[in-house]
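For the sequence shown, our numbering begins at 2 and goes up steadily by one.
In this text, a Cβ means the ideal position worked out from N, Cα and C, and glycines have one as well.
Input: a single structure, listed below in structure tokens.
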Amino acid sequence: MTPEQRTPEQRTPEQSWPTHWPKVARDIADATADALAAVRAANRDGLLVAVEELRGLSFERVSSVHAAIVRELLEDTHPDGLSSEDVQDALTACAKSTIVWLPDLDVQALAAVYTGALGISDLEDDSFRIGHGAYLRSAVLVIGSLSTGVKKAQSAYVIRAIDEIARAQTIEMP
Numbered sequence: 002m003t004p005e006q007r008t009p010e011q012r013t014p015e016q017s018w019p020t021h022w023p024k025v026a027r028d029i030a031d032a033t034a035d036a037l038a039a040v041r042a043a044n045r046d047g048l049l050v051a052v053e054e055l056r057g058l059s060f061e062r063v064s065s066v067h068a069a070i071v072r073e074l075l076e077d078t079h080p081d082g083l084s085s086e087d088v089q090d091a092l093t094a095c096a097k098s099t100i101v102w103l104p105d106l107d108v109q110a111l112a113a114v115y116t117g118a119l120g121i122s123d124l125e126d127d128s129f130r131i132g133h134g135a136y137l138r139s140a141v142l143v144i145g146s147l148s149t150g151v152k153k154a155q156s157a158y159v160i161r162a163i164d165e166i167a168r169a170q171t172i173e174m175p
């Protein structure tokens with residue numbers, strides 16, 4: 002369901018985004034919130050629909066937002082610093098909690114999300130190899146898994162990521 006097709010009753014509190022955002026930012030936030038709701042509910046069909054919604058948007062923009070969310074979640078869940086073991090533990094926890102309701106889980110795609118968000122691998126190369134849909138699905142699975150260990154609402158991470166990207170894009174380089 003596209004954001005325009007939602008009635009006010011279908012919008013969750015997480016889907017009340019800043020009014021100064023352009024439509025594309027609100028669409029990314031809405032589609033991400035839909036995907037995260039499906040992950041929280043372990044709803045395979047809902048996740049498929051939400052990932053298709055994400056695929057209808059700019060992959061570069063969506064993946065940038067998702068990578069920023071993953072980075073901030075990793076920072077919040079590992080305030081004393083992140084080790085390779087921490088990343089491995091996060092990947093394992095995500096895979097174990099997801100495989101029970103999503104048996105076709107691609108663990109390599111999950112790993113690519115972590116390494117891409119951390120700048121260890123090239124996001125474009127990984128997404129081309131894995132496929133945009135699988136990459137986007139894995140990103141929301143990672144976000145859903147990491148967000149179980151924090152007190153902040155998932156929407157706060159979405160807002161912060163989009164605002165940070167917008168701020169970075171308005172700074173002129175010398």
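- Non-local beta-carbon contacts of A96 in its own chain, meaning distances under 7 Å to residues more than five positions away in sequence, involve L106, V108 and L111 in chain order.
- When DSSP states are grouped into helix, strand and coil, K152 belongs to the coil group.
- Here I172 carries a coil assignment [DSSP, helix/strand/coil].
- Rounded to the nearest whole angstrom, the CA to CA distance from T33 to A51 is 8 Å.
- Excluding the 5 residues flanking it on each side, S139 has same chain C-beta neighbours closer than 8 Å at D107, A110, L111, A113, V114 and I131, in chain order.
- Only residues of its own chain outside the window of five on either side were considered, and among them L48, A51, V52, L55 and V141 have a CB closer than 7 Å to the CB of A36, listed in chain order.
- For T99, the number of other beta carbons within 10 angstroms of its own is at least 16, and it is reported as buried.
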